[in-house]
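Asker:
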Amino acid sequence: MAEIDPADFKRTMGQFCTGVVAVTAMLDDAPVGFAAQSFVSLSMDPPLVAVCPAKTSTSWPKIRDSGHFCINMLGADQRSVCDAFAQSGGDKFAGLKWRTGHTGAPVLAGVLAYADCTLEAEHDGGDHTIAVGRVQALEVLRDGD
């Protein structure tokens, strides 16, 4: 089997256009979150989604411990939100408006839509974790661009 160069793999997979989501949760009354491109709707019956945090993520263990998370679907005009959630450490919620969703996870103001989930399962995905969420509530808040 041929050896795949990680840089070539990343560049090739980067050609696939995807949206960006901010994955949020509350743990011990503190909001936590991260940005992800690896998000997919998984099943309609039951309603399941999947997101794949890197195993190096410092946010995912906190979100896992909360048992719930909200997928906030970002619009093209929310680059600053994406940048804030893509950074490691710091207060990613500084200056952002949000409300508490059905599960207690933050729903960010201005997002296109959200899916509020409970953690259903986790699977190994190499250097990432495949996290499956059961959707408890969802809503389209504005049209996408």
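Taking my numbering, the leading residue of the sequence shown gets 7, the next gets one more, and so forth.
All C-beta atoms in this analysis are idealised placements derived from N, C-alpha and C, irrespective of residue type, glycine included.
Taking C-alpha atoms, which residue in 107, 139, 91 lies nearest to residue 45?
Answerer: Considering only alpha carbons, the answer is 139.
Asker: Just grab the DSSP bridge partners of residue 32 for me.
Answerer: 37
Asker: Exposed or buried, which one is residue 137 when buried takes at least 16 other CB atoms within 10 Å?
Answerer: buried
Asker: How is residue 45 classed by DSSP in three states: helix, strand or coil?
Answerer: In the structure shown, residue 45 sits in a strand (DSSP, three-state: E or B).
Asker: How far does the beta strand (DSSP E) with residue 146 in it extend, from its first residue to its last?
Answerer: 134-146
Asker: Compute the Euclidean distance between the alpha carbons of residue 79 and residue 117, then round it to the nearest angstrom.
Answerer: Distance between the alpha carbons of residue 79 and residue 117 is about 6 Å.
Asker: According to DSSP, is residue 88 helix, strand or coil?
Answerer: DSSP places residue 88 in helix when its eight states are reduced to three.
Asker: I believe residue 114 touches residue 71 by the beta-carbon criterion, under 8 Å. Please report the beta-carbon distance rounded to the nearest angstrom.
Answerer: The pair is not a contact, with the Cβ atoms about 21 Å apart (cut-off 8 Å).
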